Each structure stands twice: as structure tokens, then as C-alpha cells.
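Here the structure comes first, spelled out in C-alpha cells, and everything after it is commentary.
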């Protein structure tokens, strides 16, 4: 884009972008002054309003404003115009651009300044761009500053685009590219990597396509381009894409003098070598070596072959600083396999004459095979010739068929013919004898003899590969033929043992993959470390393959391989980012993981600090995903503490959070003892451990629902607090002990039986569960002690104190009074701290957390008054918050709308006692007093409460009326009737008749009373304050008398039955009474809990604890 733009009737002006605000401002201001438009920007005169008497003046101002706004809009680039596209006045447009340009780039690289952007980067990392923008808008943070902010908390030091590129969120990358200047796009993290480097490293192809043209040729701290990075990671598809978009990167050398092709050769990555070699000429690296020189020095014959085929003739003739071409260098080193790749392929020998010999070998008929050899001019040819059909020699055939004797005979034949006399040293001596000045033609002639002799050596024969790239050793290993392996291995060169087949597998890889432990034992001691550590196409070394196998011997194979590998090899990752220990965690049983981990700890404990897939966590954190806590504790005991410190990353904080969630607080306590700062260290989710703990209901008694008997048992259980000075790492690994005295075994068995019986009883009574609950609560308090020590002794930064403050308010929201009291006692200023203009008591009122609010009664009068008069958003105060409706979650445990309304009134009255009387009538910003606000917000709840009360009263009135009718009739139709002569009841003399009469009378009176009370409820005025005591009291008395009437009615009914059926049908009395009691009992069962709740809520001690001991002095 051009840096200038035209404006109507104006000179050319600067186009505003993110980096030239000062120049733009000067030029545009000069223009506006010249055009007499500056007054609408500076507001020298107030904007006029359109009225009849000043309409000309309004039109003049409108024209000037439009001209100035046009000039500003027309001089903005597309990115900056976005911010003023909906602005209607030049003044606001000018101020907006000034604010945006001033804010940009002001986020310094410190944890404190980066703190506001943590949620933004979290959403970007998760791929949620909408939430990321919503968060910035909510917090009124500048989008461009957020995009440029560098995260200083972890070693990478990433910006948002680094995170999005690494995770492959292409949609976010596209959005960020539009917001960033070319200079911003080239921003580098702490490793010196651009976002393109990050995408190449993690293999995000679509992201690489998006960024390749924007960030090409940029290098990191070791001089690598993104192409170098892709080569290091073996990402073939990324390499192809980068060379397509940025061909110049092919020529760039890193700090070690390597181009991407040199690096691909060093990594022995044949597919990448082929892709890069085909695209560009040779570039000389360290010591003047081309990639071909480097391949020769490495003895990588396969790579030499590919390079010779792809390179131009003039590139093959390039000499290094010593004056050697790659060919001459191969001769000098005596590297015959490499030398062979430079030579023109001779005409293939005719195989037909050897078919009969090969057939006899395949059939295991050495007699006839030997007879065939006598008919040949050169028996050696029969052994060295390659079958053009499958690339096999007879040695391959014998190994495939498992003919051990024939393998021995073939080897013996080679020795008899003295074909193995020439050694590598002989060829090296021969190579040194060729002077530098000799021509390539002369050199080639001399070398032919060298190659012919080499191909007849036993080592060369054993190195021959068939069409699948397999040597005879590969075939013998694949068949699991240990005897043939024992014959071949001692005779092969070290390099021959490292030959890879077309799938990238060495013989060792084959043996490990198939679980042949005896063959592994034969190969491992004689192989070079480089060969042991070779990787397959998937990046798996032998140790990876061993732990990944599902065969029974896989762990024993791993133990065989590990002693011979370098310590550093244990740290290597496969292409999916797994270390060997990471793979073990993924696929193995816990005991196997512990065994491997124990060995690794003895050899290289750095493996416990290397992040591994999935999740890119260190092993102990990765193990928490499996929720096998014996394994987690074991790995924790093996992990050096420095890998869990905040300086190493987020692993320590994440481990603590996982322990909190699983209620495995032993490791969390020990880790916090070592480093209390971990409690306030961020994690990838943006939630530090202290905030996780603050929101855990099960961590504290105040968040746990216990019944009466449970409370009784809980209070009598004894759990000792943890010793804050000693580690508390428990590793429970059971070991079976063999042998022992039989008598002791019997005693142990009896004791175990009693323990199981006692444990079953405790489990049945719920004591074990309560013991565990109390243990969790006690350990949570221990965690708070550690956090308190950190706050008191470590001088936390303001950003860290903000994390603690936010956690306190989260604890207030959940009603965790233990959390609040412990933290505030450690640092009393937290009590007065605010979140969204509310202190902890105001927030407790808003959340209706009575246990937190009750703490205000533990303050002295002066502090209590301070919180009573403290405003929220002026002129609102605490009583206005009480006037708002309670969160729905706080109503869930209260039965019915009437009691919910009563609870709201109790809260309002309680807060009203704390707030000074002179503030009761202070209106809020909407002009409403607390009482008016309460009435308005609770109108719907009051209507529901009224409806609920009337519904219960109506139902109970019907029941009471029925009882009145029945009992009244029963008084005149007594059991047995009346005497015809006297008119007295027939059973008047029986004692049960008196019971019947008294019960009938009580039932009639109590039911009549209940009907009257329920009628009183139905005709009440239902004012808000009536729900506090008046209506609940009527309901309580009404229900009590109704229950009394039902109970006495049942007594009257039962006594009547007994009187009437006492003699002949006495067996029917109990069943009849039981059946008749079911509906009545159901009615009582449904409503009696309501009666108890009304009684407790209205006349109980209340939810606010006003008699607690004094707390802190502020």
C-alpha cells in the first residue's frame, strides 16, 4: 500500500498505520489548520444544536465537521479506519485514533503487566476467537495490545499468533494477520522463533501455508529458518510447502553453517534429502563441504546414492576446503559402499546359470548345491550374485528357509576362497595412496579394482540388501531364527548391523518389535551406540518399540536395551512427541511403568522433566490422566523438584490442581511445602491452584452437607494436621513376601479377618466415608496454612496478591468460610479488598452466603460500621444488595416459595441492622431506596409465595373440614349404638369407650381450629413483611392442629374397632388399623417435614451466627 493518499482540495497526506501516528498527526493537523477546520477537533467553540434561531450556525458547523472527518477518514489505512468507521464527529474520531495509537505496544514483558491478557491467550490457545474478543471487550482492553503482548510466564515467551500457529487454529491466525503489521508478524518468542517456526515445529500444514509468504527467511536464535525447523522435525509435507513458497530458504545457512539440505543429511532423512536436492544447487557448508561431502563423511551410502542421482555434474565436482571432491573423499576414507554409488553400474551378470544352485539351497539340499558349485568357474559368483527377481542372494534364501547348516557352509566357503582378506583398513590404505592431483578418470580406474575386491569380502556379502532392503540378518531375525543370527552377527561390520530396510527398520528394530529377547541379547552388545539409537520412519528408537509392544517380553527387552544406550537417548522423542517414558505411560501397566521409571531414574533423571505427548506435560502430570495414583505418587518421588517449580513451566501447578480434583492431597501438600508460590502460579486453563481450591465444595466442611448423626460422628473423628516442616509423600507399593512362620501367618490371618469385619461395620455405618471427608477437610486447611506462609513471608507481587484476592471472592461465592478466614487472618487487608466494587461482606450478601456474612459479627463495632457504610457503586450500599433477588442456586435447598420469601426478608432485616439507619432511605442511581428495590425485585417471588400458601391452606382446609364432619357424626353414632331403654351408649362401661370419646372430642376441636387458621391464611393481606413471621406462624399452628386432629382421629378409629371386634374377629383389628392408616400416614409424611422446616426457620437460632468469638482487628 502506498504511504500517501489524496484528500479533496488538499496536498498529499500521510496514510495512518500502526507505526506512524506522530508523523500523521503533524501533517493532518497542519492541513486542518490551513483549512480552518481545527476548531471542530479542539472544540474551541461548543457544537451548536439545531434550533430555528441558530440554524445557519448549525449548518456551518456541520459542514466543517464533515470536511474534517472526511480528511481524517481519507488519510487512514484500512486497519485504522476500522476504529472510526461508525464515528460521526471529527473530534471523537481524532481522540479515538490518538487513544488507539498511544495504547499500542505498551504491554511490557512482565508477568504483572501480562496478567490481564491471560484469559485472552487461553481462549486463543483453545481456538475460541469469539470468546477471546468478548473478553477484551468486557475488560475494555485494546485488541492490538493483546495481540502484541508477550507471555513471560513460560520459557517460550509466545504471543497470541505463536499460540494459534502452534495449535493449528488457522481461522485465528487469519484474524491476527489482519490486525498485525509486517513488523509485528515477524515478532519472535524467547527462542527467537516466529509463528511460522512454531507452525513448522508442530507440523501445522494449513497454518504454514497461511504464514509462509509473510514470514519467510526469518531465523531463530540458532540461525534456523522455518525450513530448517521442519527438517529437524522430519515434517516432509511442511518441507515441500516451504520450498514452494520460500525457495530462497534453501540457500540460507544456520549458525553452524548448515543449509536445510545439510541438516536433512545429518538427520539421515532420505525423503527430505530427495525433495531438497532436486530443487537447488549445492551450497558449501562448514569446511567447504557440500551435503554430499557430509553424507560421505557420515558413511550414509543410501543418502550418497540419492544425492549422486539428483545432483548436477558440476555440483559433483565441487571440492571442499581440503581440495577433495565427494568421490575422492569417499575413496580416501576407504568407504567402498559410498564409492560404489559414484560408479557407473555394470551390466548385470546372467543369473540363469545359478538358478539350479539357488533352488537346491532353498530346498536345504547342500549336497546337490555343492555339486553345482564344482561346475562353476568362480564359486564365489554363486554366493555374491543377486537374483534379479527379488534381489536375494543365496544367503538370503538360506536364512529365509531357516537352513542353519547351509548358512554355515556358505560362510565357510567364502573363508576357504580367502575372499574376506581385504578389510576396511586395506581399502582406506588404498585410498590414501591416491594423490589429490589425480584426475577423476584415473581415479575411477583405480577404484574399480578396489570395489571388485570389496564385493568379494564376507562383510560385503552380508551387507547385501534385497528388493525390500533386507539383509540376510533382517530375514533371520524376522523368522526368529536365533541360530542363524548367532552365525551372522559376529561376521558383520558394525555398520552392516545398522542397515535399514525399506520401512526404516534395522535388524534390532525387527527383533524388538517381534519380541525376540534372545536375538536382542545377541545384537545389543556388539552394536554401536549410534546403531542402537537409530529411529524408524515414525521416529521410534529400539526403546520406544520395546515399551510400545503388547508382547509379554516387552519390558524385559527394554531392560536389555537401556544399559547400552547413551543417557541422552532416553530423552529423545518420536515424531508424535513421546519420550520412551511417555510411551510407557500410554500403553503399559503401572508396575511396568514403575520398573522402567526406576531404571531411568538411576541413569538419567532428566527424563522426568521432559514434556511428552499427549498434552505436552512432564510424565508425573501425564500420569494423572490415568488416575492411577499409586503410579503418580511413584513418579512424583522420582521427579526432581526443580521440574515442578514455576520457573520450569506450568507442570507443578497443574499437578496440584489434579491432586485437588482427585482429593489426593498428599503430593499437593509436599509440593506446596517445597514451593508455596505454586499455589498462585497459572496453568494452561488460566486457573491457579488456589482458585481451584477456593471453588471446591468437598474441600471444606462449610461446603459439605451433613445430617445430624453425621455431624455427631464427624466431630468425634480425630485427624492429625500435617507436619508443615516435613515432606508428606506417601508411596504405597505393595510387595509380596514369601515364606514366614505358619503360626505367625495364622495370627496375621485372624487379625486380618477381624479388621475386615470391623471395617465392614464402619463402612455400613458411614464412618469410613466421614473419616475420608474429614481427612480431606483437614488437609485442605493444611494447604491454606502453606499459602498463608507464602503470603506472609515471600513478599508476593501485586499481580500475585490479585490472584489471591480473586480466589477469596470465589470462596465467598461458594460459601467456604474456612478459606476466607485463614487467608484474611494471614493478610487482613484482603478483608477490605474489592471485586467489582464489592468487599467480601457485600459480595456475601449478593451471593446469600450467610456463613461468610456472619464473620461481620466477629468484628469490633468500628470495623462493623465501616463495612455497613461502605458503598458499592455510589450511591448504592450493602442494603441495596440485600434488596436484590437471591441467586436461584441458593433457593434450591429451601422448600417452597413462602420460605424462600421468608429467607429473603431475614437477609434484608439482618443487613438492615448493620447499615446505619440514616442510610436506609438513600436511593441508588435509579432513584430507588433499598426497601423499594426489595419490593420491586421480589414481586414475582411474593406472588409465588402467596400462591403456595393459599394452595397449602386450601388443601388443608378441605382435609380439616372432612375431619370435622366425620368426628361430629361419630360423636352421635357411637360404636355399638345406644340402649333402647335408657338411651345411653351400649359400651359406656368399657374403658376404651372413654378413649374413643376423648379422642373424638380432641380431633373435632383441633380440626376446627386448623380450619379457622387456614381460613385466616386464605384471607390474609399478603404484605411482604407478613411472610417473615405472621403467615409462617399461622401455617405452623394450622399444620400442628391438623396433625393433632388426624392423630386423635386415628386413635378414635382404632378404639372403636377394638370395642366392636374384640371377641370373635380380634385377628382383623391390626390389619384393618394398618390399612386405614396408610393414606393418613402418607399425608403426615409429606407435610410434617414442612412443619419442622417452618418451625426451625421462624423460631430457630437463625442462619446468622452472632455469638462467635472475635475475629481480626482491621
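Numbering (our numbering), first residue to last: 641 to 1754.
For each residue, glycine too, the CB sits at the ideal point set by N, CA and C.
As the structure is a computational prediction, the values presented were derived from the model and not from experiment.
Which of helix, strand or coil does DSSP assign to residue 1456?
Within the chain shown, numbered from 1, the residue matching residue 1456 stands at position 816. Residue 1456: coil per DSSP, three-state reduction.
Assuming residue 859 is part of the alpha helix (DSSP H), what are its boundary residues?
Within the chain shown, the letter at position 219 stands for residue 859. Note, residue 859: premise wrong, no alpha helix (DSSP H); not H, not E.
So that I know if they touch, is there some Cβ in chain D lying closer than 7 Å to that of residue 1455?
Chain labels in this structure do not include chain D; a single protein chain is all it has.
Helix or strand or just coil, what does DSSP make of residue 1259?
Here residue 1259 corresponds to residue number 619 of the chain shown, with the count starting at 1. Residue state, collapsed to three classes: helix.
For residue 1013 and residue 1028, what's the separation of their Cα atoms in angstroms?
Looking up residue 1013 in the chain shown gives position 373. Looking up residue 1028 in the chain shown gives position 388. C-alpha separation (whole angstroms): 20 Å.
Go to residue 1477, then tell me how far its alpha helix (DSSP H) extends in each direction, as first and last residue.
To locate residue 1477, count along the chain shown from 1; it is residue 837. Unbroken run through residue 1477: none, as it is neither H nor E.
Residue ranges of each beta strand (DSSP E) run of no fewer than 3 residues wholly in the segment 1185 to 1262, ordered along the chain?
Listed in chain order, nothing qualifies, since the segment 1185 to 1262 has no complete beta strand (DSSP E) run of 3 or more residues.
For the alpha helix (DSSP H) containing residue 1329, name the first residue and the last one.
To locate residue 1329, count along the chain shown from 1; it is residue 689. 1329 to 1334 is the extent of the alpha helix (DSSP H) around residue 1329.
According to DSSP, residue 1464 sits in a beta bridge with which residue or residues?
The residue given as residue 1464 occupies position 824 in the chain shown. Paired residue(s): none; residue 1464 is not in a bridge.
Quick check on the burial criterion: 16 or more other C-beta atoms within 10 angstroms. Buried or exposed for residue 1556?
In the chain shown, counting from the first residue as 1, residue 1556 sits at position 916. By the 10 Å Cβ count, residue 1556 comes out exposed.
Have a look at 1485, 1731, 1184, 1694 and flag the residue whose alpha-carbon is nearest the alpha-carbon of residue 1200.
As a position in the chain shown, residue 1200 is number 560, starting the count at 1. Of the candidates 1485, 1731, 1184, 1694, the one whose C-alpha sits nearest the C-alpha of residue 1200 is 1184.
Tell me whether residue 1170 is buried or exposed, calling it buried when 16 or more other Cβ atoms sit within 10 Å of its Cβ.
To locate residue 1170, count along the chain shown from 1; it is residue 530. It counts as exposed.
Tell me the rounded alpha-carbon separation between residue 1320 and residue 1302.
On the chain shown, residue 1320 is found 680 positions in, with the first residue counted as 1. On the chain shown, residue 1302 is found 662 positions in, with the first residue counted as 1. Rounded to whole angstroms, residue 1320 to residue 1302 spans 19 Å at the Cα level.
If we ignore side chains and look at the alpha-carbon of each, how far apart do residue 713 and residue 724 end up?
For this step, residue 713 is matched to residue 73 along the chain shown. For this step, residue 724 is matched to residue 84 along the chain shown. Rounded to the nearest angstrom, the two C-alpha atoms are 8 Å apart.
Short of 6 Å in beta carbon distance, which residues of its chain neighbour residue 1375, apart from the five on each side in sequence? Order them along the chain.
Here residue 1375 is taken as the residue at index 735 of the chain shown, counted from 1. Annotation note: pLDDT 35 at residue 1375 (below 50); position unreliable, no value reported.
Would you say residue 1689 and residue 1603 are within 7 Å of each other, going by their C-beta atoms?
The sequence position of residue 1689 within the chain shown is 1049, counting from 1. The sequence position of residue 1603 within the chain shown is 963, counting from 1. Result yes, Cβ atoms of residue 1689 and residue 1603 sit closer than 7 Å.
Residue 1669 and residue 1657: beta carbons closer than 7 Å?
Your numbering for residue 1669 matches position 1029 in the chain shown. Your numbering for residue 1657 matches position 1017 in the chain shown. Result no, Cβ atoms of residue 1669 and residue 1657 do not sit closer than 7 Å.
Would you mind stating whether residue 815 and residue 769 have Cβ atoms separated by less than 7 Å?
Position 175 of the chain shown, counting from 1, holds the residue named residue 815. Position 129 of the chain shown, counting from 1, holds the residue named residue 769. The answer is yes: Cβ separation under 7 Å.
What separation, rounded to the nearest whole angstrom, lies between the Cα atoms of residue 1159 and residue 1117?
Your numbering for residue 1159 matches position 519 in the chain shown. Your numbering for residue 1117 matches position 477 in the chain shown. Roughly 7 Å between the two C-alpha positions.
Cβ atoms of residue 1517 and residue 1573: under 7 Å apart, would you say?
As a first step, residue 1573 must be located in the chain shown, where it is residue number 933. As a first step, residue 1517 must be located in the chain shown, where it is residue number 877. No; because the gap between Cβ atoms is not below 7 Å, this pair is not in contact.
Is the CB-CB distance between residue 1667 and residue 1585 below 7 Å?
Along the chain shown, one-based indexing puts residue 1667 at 1027. Along the chain shown, one-based indexing puts residue 1585 at 945. It is a contact, given that the beta carbons lie within the stated cut-off.
For residue 1473, I'd like the list of residues in its chain whose CB is within less than 8 Å of its CB, leaving aside the five on either flank, ordered along the chain.
Numbered from its first residue, the chain shown carries residue 1473 at position 833. Excluding residues within five positions, the ones whose Cβ falls inside 8 Å are 1445, 1448, 1479, 1480.
Look at the Cβ atom of residue 704, then the Cβ atom of residue 680, and state whether they are nearer than 7 Å.
Residue numbering aside, residue 704 sits at position 64 when the chain shown is read from its first letter. Residue numbering aside, residue 680 sits at position 40 when the chain shown is read from its first letter. Closer than 7 Å, so yes.
Answer with buried or exposed for residue 674, where buried requires no fewer than 16 other C-beta atoms within 10 angstroms of its C-beta.
The residue given as residue 674 occupies position 34 in the chain shown. Residue 674 should be labelled exposed.
Just reading off the alpha helix (DSSP H) that residue 1681 is part of, what are its end residues?
As a first step, residue 1681 is located in the chain shown; it is residue number 1041 there, counting from the start. That run of the alpha helix (DSSP H) goes 1670 to 1701.
Note down, in chain order, each residue of its chain lying with its Cβ closer than 6 Å to the Cβ of residue 657, except the 5 sequence neighbours on either side.
Numbered from its first residue, the chain shown carries residue 657 at position 17. 717, listed in sequence order.
Quick one: what's got a C-beta closer than 6 Å to residue 1662's C-beta in the same chain, skipping five residues either side?
On the chain shown, position 1022 is the one that residue 1662 refers to. Taken in chain order, the residues that qualify are 1586.
Please identify the residue among 1025, 830, 852, 806 whose C-alpha is closest to the C-alpha of residue 822.
Here residue 822 refers to the residue found at position 182 when the chain shown is read from its first residue. For residue 822, the nearest C-alpha among the options comes from 852.
Across the segment 1211 to 1226 and the segment 1240 to 1260, are there enough close Cβ pairs to call them in contact, namely three or more that are closer than 8 Å?
Verdict: yes, contact present.
Take every Cβ of the segment 923 to 942, pair it with every Cβ of the segment 882 to 901, and state whether three or more of those distances are shorter than 8 Å.
Touching, per the Cβ criterion.
I'd like to know if the segment 911 to 926 and the segment 1104 to 1111 are in contact, where contact means that at least 3 CB-CB pairs between them fall below 8 Å.
Contact between the segment 911 to 926 and the segment 1104 to 1111 is absent, because fewer than three Cβ pairs lie under 8 Å.
Could you tell me whether the segment 1205 to 1215 touches the segment 1175 to 1193, using the rule of 3 or more Cβ pairs below 8 Å?
Touching, yes, given that three or more Cβ pairs across the two stretches are closer than 8 Å.
Could you say if the segment 1265 to 1278 and the segment 1305 to 1319 meet the contact criterion of at least three C-beta pairs nearer than 8 Å?
Result yes; three or more Cβ-Cβ pairs closer than 8 Å.
Please state the DSSP three-state secondary structure of residue 1596.
By one-based count along the chain shown, residue 1596 stands at place 956. Note: residue 1596 maps to helix in three-state DSSP.
With distances taken from CA atoms, which of 907, 848, 861, 873 is nearest residue 881?
As a working note, residue 881 is residue 241 in the chain shown. Of the listed residues, the one whose Cα sits closest to residue 881 is 848.
Report the rounded CA-to-CA distance for residue 893 versus residue 927, giving the unit in angstroms.
Looking up residue 893 in the chain shown gives position 253. Looking up residue 927 in the chain shown gives position 287. Taking the straight line from one Cα to the other gives about 13 Å.
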